[in-house]
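>
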């Protein structure tokens, strides 16, 4: 029977190299059917996979694959399936793009009814030469039952689930004395509950299909320190909770898949130039100067600077890493 998912959209550009064709379908109906997928074994990097344009953020020329066909094969994601929450735009989409470039089958979940233009641009760039595929599904991480159902259906379609990047999050900059109590739970519903439920749903499918894999929770350096000039105690504490969640789940799931691990780590980015941060700068023009001054590199980061970290954590390159906090903040927390 074909897989039918409720209330969501899927768009796929590119298939594995052996398919030798690209597929792009957008369904406007409330229900749709994902086209059948032929399961194939994982392969090492090939010349064809890198025949297309390289991401503008990765200005490098790869050596001839004939010299070493097994070059960094631990980073190869071909044949593996991943979910990225908050993947419709921003940091989540950037990290999803990296997984597709490593040949992963990636499902971006976001509350947006339609993905933004940024998503479509990424889809057009990612062709079949990468060996992966990018999909979009509309779902709100606050709706735990819907998240669980969508992730379960994705896993059933592929008969596997290999990992998650939990990147969905919101941010409100408000002094504690002025913070409305009802807004507290609104933020925690996304930044903590959404992360928790997404991780549990993915882990359940990884156990069901006997897939030892990796879960990466997007926290923040603001969960580790009091970020100067950033008056959002609720946001900071929600990210601190995500760091502790990663440690606790890593302990619980260290041998969850028939003695094999589901690894869980937290990525703690520094200040990133995103639409949310630009709005903060508009409200407080001095904030950008303050953050740059407090950073050892004298600048803020771009979303693309976290691609390598995400691929490292989701791939077999980090098989002995779990319960960790990977801090990438330009030295901000090292003072």
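Numbering (our numbering), first residue to last: 217 to 551.
Built from N, CA and C at the ideal position, the CB exists for glycine as well.
Owing to the predicted nature of the structure, the values given are computational and were not obtained by experimental measurement.
For residue 368 and residue 418, what's the separation of their Cα atoms in angstroms?
Here residue 368 refers to the residue found at position 152 when the chain shown is read from its first residue. Here residue 418 refers to the residue found at position 202 when the chain shown is read from its first residue. Using only the alpha carbons, I get a separation of about 8 Å.
> Taking a contact to mean a Cβ-Cβ separation below 9 Å, would you say residue 484 touches residue 544 in this structure?
Position 268 of the chain shown, counting from 1, holds the residue named residue 484. Position 328 of the chain shown, counting from 1, holds the residue named residue 544. Yes. Within cutoff.
> Pop quiz: residue 506 and residue 445 are said to be a contact at Cβ under 8 Å. What is the actual Cβ separation, rounded to whole angstroms?
The residue you call residue 506 lines up with position 290 of the chain shown. The residue you call residue 445 lines up with position 229 of the chain shown. Sure, about 5 Å apart at Cβ, within 8 Å.
> Which whole-angstrom value is the C-beta distance of residue 423 and residue 472, which I expect to be below 8 Å?
The sequence position of residue 423 within the chain shown is 207, counting from 1. The sequence position of residue 472 within the chain shown is 256, counting from 1. So it is a contact: roughly 6 Å between Cβ atoms.
> Can you tell me the Cα-Cα spacing of residue 443 and residue 437, whole angstroms?
As a working note, residue 443 is residue 227 in the chain shown. As a working note, residue 437 is residue 221 in the chain shown. Those two C-alpha atoms are separated by around 8 Å.
> Would you kindly work out how many angstroms separate the C-alpha atoms of residue 395 and residue 353, rounded to a whole number?
On the chain shown, residue 395 is found 179 positions in, with the first residue counted as 1. On the chain shown, residue 353 is found 137 positions in, with the first residue counted as 1. If you take the alpha carbons of residue 395 and residue 353, they lie about 33 Å apart.
> Helix, strand or coil for residue 510? Go by DSSP, reduced to three states.
Position 294 of the chain shown, counted from the start, is the residue given in the question as residue 510. Three-state DSSP puts residue 510 in a helix.
> Give the secondary structure of residue 383 by DSSP, where H, G and I count as helix, E and B as strand, and everything else as coil.
Numbered from its first residue, the chain shown carries residue 383 at position 167. Coil.
> If you check the beta carbons only, do residue 299 and residue 323 fall under 9 Å apart?
Locating residue 299 in the chain shown gives position 83, where the first residue counts as 1. Locating residue 323 in the chain shown gives position 107, where the first residue counts as 1. Against a cut-off of 9 Å, the Cβ pair of residue 323 and residue 299 comes out as a contact.
> Excluding the 5 residues flanking residue 499 on each side, which residues of the same chain have their C-beta closer than 8 Å to its C-beta?
The residue labelled residue 499 in the question sits at position 283 within the chain shown. Correct list, in chain order: 389.
> Would you call the CB atoms of residue 482 and residue 461 closer than 9 Å?
For the purposes of this step, residue 482 is identified with residue 266 of the chain shown, where counting begins at 1. For the purposes of this step, residue 461 is identified with residue 245 of the chain shown, where counting begins at 1. Result yes, Cβ atoms of residue 482 and residue 461 sit closer than 9 Å.
> Give me whichever residues DSSP pairs with residue 301 in a beta bridge.
By one-based count along the chain shown, residue 301 stands at place 85. According to DSSP, which records beta bridges pairwise, residue 301 is partnered with 325, 382.
> So within the stretch 330 to 401, which uninterrupted beta strand (DSSP E) runs reach at least 3 residues, ignoring any that extend past its ends?
For the stretch 330 to 401, whole beta strand (DSSP E) runs of length 3 or above, ordered along the chain, are 349 to 354, 379 to 382.
> Run the CB neighbour count on residue 421, radius 10 Å, all protein chains shown included, and call it buried at 16 or more, exposed below.
Working through the chain shown from its first residue, we reach residue 421 at position 205. Per the 10 Å Cβ criterion, buried.
> Which whole-angstrom value describes the C-beta separation of residue 487 and residue 516, a residue pair presumed to lie in contact below a C-beta threshold of 8 Å?
Stepping through the chain shown from its first residue, residue 487 is reached at position 271. Stepping through the chain shown from its first residue, residue 516 is reached at position 300. Sure, about 5 Å apart at Cβ, within 8 Å.
> Is it buried or exposed for residue 468, if we count other Cβ within 10 angstroms and need 16 for buried?
The residue you call residue 468 lines up with position 252 of the chain shown. By the 10 Å Cβ count, residue 468 comes out exposed.
> Whole angstroms is fine: what's the gap from residue 308's alpha carbon to residue 435's?
Stepping through the chain shown from its first residue, residue 308 is reached at position 92. Stepping through the chain shown from its first residue, residue 435 is reached at position 219. Each residue's Cα considered, the two are about 12 Å apart.
> Could you check the C-alpha separation between residue 335 and residue 534 for me, to the nearest Å?
As a first step, residue 335 must be located in the chain shown, where it is residue number 119. As a first step, residue 534 must be located in the chain shown, where it is residue number 318. Answer to the nearest angstrom: the Cα atoms are 28 Å apart.
> Give the DSSP-derived three-state secondary structure of residue 487 in the structure shown.
Within the chain shown, residue 487 is the residue found at index 271, counting from 1. Of the three classes helix, strand and coil, the one that applies to residue 487 here is coil, per DSSP.
> In terms of residue numbering, what span does the beta strand (DSSP E) encompassing residue 542 cover?
Against the chain shown, residue 542 aligns to sequence position 326. Element bounds for residue 542: 541 to 544.
> Alpha carbon to alpha carbon, what distance is there between residue 401 and residue 293?
Residue mapping note: residue 293 aligns to position 77 of the chain shown, counting from 1. Residue mapping note: residue 401 aligns to position 185 of the chain shown, counting from 1. Between residue 293 and residue 401, the C-alpha separation is close to 36 Å.
> Measure the CB-CB distance between residue 350 and residue 312 and report whether it falls below 9 Å.
Position 134 of the chain shown, counting from 1, holds the residue named residue 350. Position 96 of the chain shown, counting from 1, holds the residue named residue 312. Yes, they are a contact pair.
> Give every residue of the same chain whose Cβ lies closer than 7 Å to the Cβ of residue 304, excluding the five residues on either side of it in the sequence, and list them in chain order.
Working through the chain shown from its first residue, we reach residue 304 at position 88. Around residue 304: 324, 326, 328, 331, 332, 335, 352.
> Rounded to whole angstroms, what is the Cα-Cα separation between residue 374 and residue 427?
Here residue 374 refers to the residue found at position 158 when the chain shown is read from its first residue. Here residue 427 refers to the residue found at position 211 when the chain shown is read from its first residue. If I take the Cα positions, the gap works out to 12 Å.
> Output the distance between the C-alpha atoms of residue 501 and residue 362, rounded to the nearest integer angstrom.
Along the chain shown, read from residue 1 onward, the residue named residue 501 stands at position 285. Along the chain shown, read from residue 1 onward, the residue named residue 362 stands at position 146. Going from the Cα of residue 501 to the Cα of residue 362 covers about 40 Å.
> Which value, in whole angstroms, describes the spacing of the CA atoms of residue 342 and residue 385?
Translated into the one-based positions of the chain shown, residue 342 becomes position 126. Translated into the one-based positions of the chain shown, residue 385 becomes position 169. Whole-angstrom Cα-Cα distance: 25 Å.
> Which whole-angstrom value describes the C-beta separation of residue 347 and residue 430, a residue pair presumed to lie in contact below a C-beta threshold of 8 Å?
By 1-based counting over the chain shown, the position of residue 347 is 131. By 1-based counting over the chain shown, the position of residue 430 is 214. Actually they do not touch by this definition, with Cβ atoms about 19 Å apart.
> Residue 549 and residue 465: beta carbons closer than 9 Å?
Position 333 of the chain shown, counted from the start, is the residue given in the question as residue 549. Position 249 of the chain shown, counted from the start, is the residue given in the question as residue 465. No; because the gap between Cβ atoms is not below 9 Å, this pair is not in contact.
> Give the straight-line distance between the Cα atoms of residue 264 and residue 319, rounded to the nearest whole angstrom.
Looking up residue 264 in the chain shown gives position 48. Looking up residue 319 in the chain shown gives position 103. Low confidence applies here, because residue 264 scores a pLDDT of 38, under 50, leaving its location unreliable; read the following figure in that light. Residue 264 and residue 319: Cα-Cα distance of roughly 12 Å.
> Is the distance from the Cβ of residue 357 to the Cβ of residue 289 below 9 Å?
The residue labelled residue 357 in the question sits at position 141 within the chain shown. The residue labelled residue 289 in the question sits at position 73 within the chain shown. Going by C-beta atoms, residue 357 is not nearer than 9 Å to residue 289.
> Cutting at 7 Å between CB atoms, please list the residues of its own chain near residue 291, excluding the five before and the five after it.
Numbered from its first residue, the chain shown carries residue 291 at position 75. Within the same chain, residue 291 has close Cβ partners 318, 527, 531, 533.
> Can you tell me where the alpha helix (DSSP H) holding residue 311 begins and where it ends?
Taking the first residue of the chain shown as 1, we reach residue 311 at position 95. Element bounds for residue 311: 306 to 317.
> Under a three-way DSSP split, which group does residue 453 fall into?
Translated into positions along the chain shown, residue 453 becomes position 237. Reduced to three states, the DSSP call for residue 453 is helix.
> List the DSSP bridge partners of residue 478.
As a first step, residue 478 must be located in the chain shown, where it is residue number 262. Bridge partners of residue 478: none, in fact.
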